[in-house]
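Numbering (mature numbering (1 follows the signal peptide of the UniProt record, and there is no 0)), first residue to last: -21 to -1, 1 to 144.
Everything below concerns the one structure shown next.
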């Protein structure tokens, strides 16, 4: 009986993982599990993170993003300035040919300001991404716990290093 219960519990956990997995494709781009950290219900800001894989022989560029949850949406990066790491708006985010750009805490990410609705843990909200070549891709951003880290996230992803513009 214990074995049957363990099999059922294991299957349920496996299926719940599939329910949380979500990815999107547009042109040569593949966007893997867009997510946001849970923020306090009174927060005016939030951020989104995900991997953008480019399966094409030419680079692409994320030009801008928007979401109905925010009054303003910006592309951001952390840069080293005056001996400190600082968050700054960037004009674009380049995605290398046959490569990956990782948007993650402490690196490139999407910032949401003037939240119209603060998303709660477990919610999903739409995010529209505009690329130079792949065009418009609409994704759903899953709100995860503040301590969440995606499986396989590389801590020192050289491809996510701040590009000079």
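Think of the CB as a built atom: it goes at the ideal place given N, C-alpha and C, for glycine as much as any other residue.
Three or more Cβ pairs closer than 8 Å define a contact, and the segment 108 to 120 meets that threshold against the segment 23 to 41.
Residue 24 and residue 33 have their alpha carbons spaced roughly 29 Å apart. Secondary structure within the segment 7 to 36: the beta strand (DSSP E) runs of 3 or more consecutive residues, fully enclosed, are 8 to 16 and 24 to 33 (chain order).
Among the bridge pairs identified by DSSP, residue 48 is matched with none.
DSSP places residue 93 inside the beta strand (DSSP E), whose first and last residues are 88 to 94. DSSP lists 66 as the bridge partner or partners of residue 57.
With contacts defined by Cβ atoms closer than 8 Å, residue 49 and residue 93 form a contacting pair.
For residue 101, there is no enclosing beta strand (DSSP E), as DSSP gives it neither H nor E. DSSP places residue 4 in the uninterrupted beta strand (DSSP E) bounded by 2 to 5. As DSSP reads the structure, residue 114 sits in a beta bridge with 110.
Bounds of any beta strand (DSSP E) do not take in residue 126, whose DSSP letter is neither H nor E.
Shortest Cα-Cα distance from residue 58 to any of 3, 87, 81 and 130 involves 87. For residue 121, DSSP records a beta bridge to 14 and 103. The segment 8 to 17 and the segment 122 to 131 touch, with no fewer than 3 CB-CB distances between them shorter than 8 Å. The bridge partners DSSP lists for residue 42 come to none.
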